[in-house]
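Chains as they are written, first to last, in my numbering: chain A, 1 to 80; chain B, 1 to 146.
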C-alpha cells in the first residue's frame, strides 16, 4: 500500500486530500502512476502544472516509486 | 546554528534578528516578506505539507550553510490566514562578513519560492478565491543558484 496525498488546487479538484492504494502492476515511476491516475481524473494529465514529492522529498517524474510509502501531488509551490 | 519554524503565529522580526546577532558574528542580513494588499486582496491563506515542510526548510538552510560561511540561519514561514501588512516569511543569516550573509539570504528566498511546499490562496473583496500560480520568473531566480 502507498499513501497518495494531494494539496492545494489538486486536492480541491479531487475533493480529497488523501487516499491509500496498491500500486497497479507495471507502475514503476511517477510518470506511470500519473498516467494511471489520469484515467480517473484529468488533473493528473496536466504535467506542466503538477509537481510531486516521494517520501517527503521533491522528486521528478522519472523517480522510481516501487518502494515508496508516501507520494504527494500538488501544483508548483508558491510560498515565500 | 540552524533554526526553522513553520507556524500560524505572528513572529517578531527584530527579536529573531537580535537572537542571531548575539553571538557576535559581525553581520546579520535578513529578508522579511509582507502580504501585499494590492488588487483588492483581503486575505492570503497558506496551505502546506506539514510532514515535509520543516525538513524541506532545514535542507535549504543546510545547503546555504554549505555554500557560504555562516554562523547561523533562521527561517520562519507562516501558514494559515494572513491579511495585508502581515509578515509571512523571514530569512535571516549571520556571518563574519556581509557578503556571505547577503548572498545566503538571496539564495534562500529564491529557493524557498520553488523548493518549499507552500501554496497561497488569495481572497478578494469581491468574493473571488484564487490559487496563486507559480511564476516563471521565480523559477529563473532559483535557477541562477544551481
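Just so it is clear, CB atoms sit at the ideal spot from N, CA and C, and this is done for glycine as well.
Keep in mind it's a predicted model, so treat the numbers as computed, not measured.
Bridge pairing for residue 6 (chain A): A:73 [DSSP]. Taking the Cα positions, residue 32 (chain B) is about 28 Å away from residue 126 (chain B). Excluding five sequence positions before and after residue 36 (chain B), the CB atoms of its chain that fall closer than 8 Å to its own CB belong to 84, given in chain order.
Residue 113 (chain B) and residue 70 (chain B) have their C-alpha atoms spaced approximately 21 Å apart. Judged by beta-carbon spacing, residue 81 (chain B) lies within the 8 Å limit of residue 45 (chain B), meaning their Cβ atoms are closer than that value. Not one beta carbon of chain B lies nearer than 8 Å to the beta carbon of residue 24 (chain A). Taken in chain order, the unbroken stretches of alpha helix (DSSP H) that lie wholly in the region 76 to 138 of chain B and span 4 residues or more are 98 to 115. In the structure shown, the three-state DSSP call for residue 58 (chain A) is strand.
The beta-bridge partner set that DSSP reports for residue 7 (chain B) consists of B:78. Taking 9 Å as the Cβ-Cβ cut-off, the region 8 to 33 of chain A approaches chain B at 8, 9, 11 and 12, given in chain order. Per DSSP, residue 17 (chain B) lies in no beta strand (DSSP E) segment; the continuous alpha helix (DSSP H) that holds it begins and ends at 13 to 21.
Residue contact with chain A for residue 89 (chain B): present (Cβ-Cβ distance below 8 Å to some residue of chain A). In the DSSP assignment, residue 35 (chain B) falls outside any beta strand (DSSP E) and carries neither an H nor an E.
In this structure residue 9 (chain B) is exposed. Its beta-carbon is surrounded by fewer than 16 other beta-carbon atoms within 10 angstroms.
Residue 77 (chain A) belongs to the set of residues whose beta carbon lies under 8 Å from a beta carbon in chain B.
Collapsing the DSSP output to three states places residue 28 (chain B) in a strand.
In the DSSP assignment, residue 58 (chain B) falls within the alpha helix (DSSP H) that extends over 50 to 67.
Proximity of the region 46 to 59 of chain A to the region 16 to 29 of chain A falls short of the contact definition, fewer than three beta-carbon pairs being nearer than 8 Å. Between the region 59 to 75 of chain A and the region 88 to 100 of chain B, the count of Cβ pairs shorter than 8 Å is below three; the stretches do not touch.
In summary, residue 16 (chain B) is buried, with 16 or more beta-carbon neighbours lying within 10 Å of its beta-carbon over all protein chains present. Within the same chain, Cβ atoms closer than 6 Å to the Cβ of residue 123 (chain B) are found at 42, 43 and 129, the five residues on either side in sequence being excluded. Neighbours of residue 58 (chain A) in chain B, taken as residues at a C-beta separation under 7 Å, are given in chain order as 115.
Residue 54 (chain A) and residue 39 (chain B) have their C-alpha atoms some 36 Å from each other.
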